[in-house]
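One structure is given below, encoded as structure tokens.
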Amino acid sequence: MGVSVDYFQVPWYDEYRRAKVEFRGSKKTGRWREHMPKILKMILSMEERNPIVMFEKVMFEAEKFWHPAPNPKAEILRKMPVSGPWHHAVVPAVLVACLKNAGYSFTERHVSEAFRRGEMLPEGSCGFIGACGSAVGLGVALSVILGATPYHGEERSIVLKYTGRALMRLAREGGPRCSKLSSYVTILYAVNVFRRLFNFKLPVPSRRELLGRCPFWVRNPTCHMEKCMFNPLSLRKIRR
């Protein structure tokens with residue numbers, strides 16, 4: 001796909017970020033933050049109740065105004081990156097927004113709060129900190145739903161418990177980072193958790209509709225390819 005993953009296998013965080021900035025042809029880190037207000041506004045404007053569908057719509061719409069770095073070292077990087085820290089904010093905001101749209105007692109303030117908390121999670125947290133931002137997005141959503149703070153007992157424990165389980169699910173997927181895979185897996189798990197804990201019901205695509213669903217994989221330099229159920233290549237294994 002025109003990208004050497006070895007280029008980013010630097011174990012020191014500051015050096016890793018500088019390498020990414022250079023490779024993407026940018027002059028500074030954190031350029032993605034300029035797009036975040038537009039993304040939040042977009043999420044707040046949507047009436048979709050299916051979090052998988054809303055997540056995909058957000059990504060497709062963001063691509064229309066996302067301006068990548070002007071001189072990336074690989075052609076594949078000339079569009080909105082498939083992976084990045086904006087997913088940390090999008091996943092919890094989408095989950096809470098869909099609950100609001102489904103008629104549960106949440107407001108735009110709850111959605112905005114989830115989004116802003118997700119924004120606090122740093123880039124590359126899955127590899128450098130040991131906590132995938134998309135999976136922690138479930139914890140963010142639960143903390144907003146429960147009104148949890150560090151001074152709550154039971155609520156805090158619930159948030160920690162299900163964040164840990166979401167992380168375990170992503171750990172089982174293996175492979176290098178893929179923000180789309182992490183987001184799909186976390187959202188689907190979150191829907192089950194919401195139903196179990198609160199009897200909140202959100203629609204999601206059927207398993208057949210989920211298989212091979214990912215439209216982003218062709219631009220992902222760290223795609224898991226046929227090992228990922230959301231990649232269309234995985235359908236070949238099923239047909240054998």
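Mapping the sequence shown onto our numbering, position 34 (from 1) lands on 34, and the numbers just tick up by one.
No residue lacks a Cβ here, since even glycine has one placed at the ideal position from N, Cα and C.
Fair warning: this is a prediction, and the values are worked out from it, not measured in the lab.
Does residue i come out as helix, strand or coil in the three-state DSSP assignment?
| i | result |
| --- | --- |
| Y162 | helix |
| I39 | helix |
| H152 | coil |
| W66 | coil |
| Y104 | coil |
| H224 | coil |
| S45 | helix |
| S83 | coil |
| K57 | helix |
| M168 | helix |
| V90 | helix |
| S157 | helix |
| S112 | helix |
| P51 | helix |
| G2 | With a pLDDT of 45 at G2, under the threshold of 50, the modelled position of that residue is not reliable, and no figure is offered here. |
| G30 | coil |
| A97 | helix |
| L77 | helix |
Using CA atoms only, rank isn't needed, just tell me which of the options is closest to residue i.
| i | options | result |
| --- | --- | --- |
| L167 | S125, R208, G153 | S125 |
| L138 | I129, G164, T149, G25 | G164 |
| E119 | P68, M54, E34 | E34 |
| G30 | E123, P215, C132, P11 | E123 |
| L77 | F194, V21, I129, L99 | V21 |
| S83 | N220, K227, L235 | N220 |
| A131 | S182, C223, M225, R196 | S182 |
| W158 | V111, A89, Y151, L142 | Inspection of the sequence shows that residue 158 is occupied by Ile rather than by Trp. The candidate whose alpha carbon is nearest that of I158 is L142. |
| T186 | E226, A171, M80 | A171 |
| A89 | G103, W32, S234, L188 | W32 |
| C98 | V193, I43, W12, G174 | I43 |
| F65 | I39, H110, P85, N50 | I39 |
| E61 | N231, S45, A19, R207 | S45 |
| N101 | V136, L202, P176 | L202 |
| K227 | E155, C178, E209 | C178 |
| Y16 | G127, E209, V53 | G127 |
| Y184 | L197, G153, M59 | M59 |
| H67 | K57, A74, K79 | K79 |
| R208 | V191, N231, A19, V218 | N231 |
| H87 | A69, F106, R116 | R116 |
| G175 | H224, R156, F198 | H224 |
| P70 | D14, V204, K28, T222 | K28 |
How far does the alpha helix (DSSP H) with residue i in it extend, from its first residue to its last?
| i | result |
| --- | --- |
| A141 | 133-146 |
| P232 | Taken as a continuous stretch (DSSP letters only), P232 belongs to no alpha helix (DSSP H), as it is neither H nor E. |
| S125 | 125-128 |
| R17 | 13-23 |
Looking at the C-beta of residue i, does it have a partner C-beta in chain B at a distance below 8 Å?
| i | result |
| --- | --- |
| L142 | The structure shown has no chain B; it contains just one protein chain. |
Pull up the CB-CB distance for residue i and residue j, whole angstroms please, since I reckon it's below 8 Å.
| i | j | result |
| --- | --- | --- |
| F55 | V94 | 5 Å |
| G133 | L146 | G133 to L146, Cβ: 20 Å. No contact. |
| L188 | G212 | Between G212 and L188 the Cβ distance is about 15 Å, and since that is not below 8 Å, they are no contact. |
| R24 | P72 | 5 Å |
| F200 | Y104 | 6 Å |
Alpha helix (DSSP H) runs wholly inside the region 173-221, at least 4 long, in chain order
179-198, 207-210
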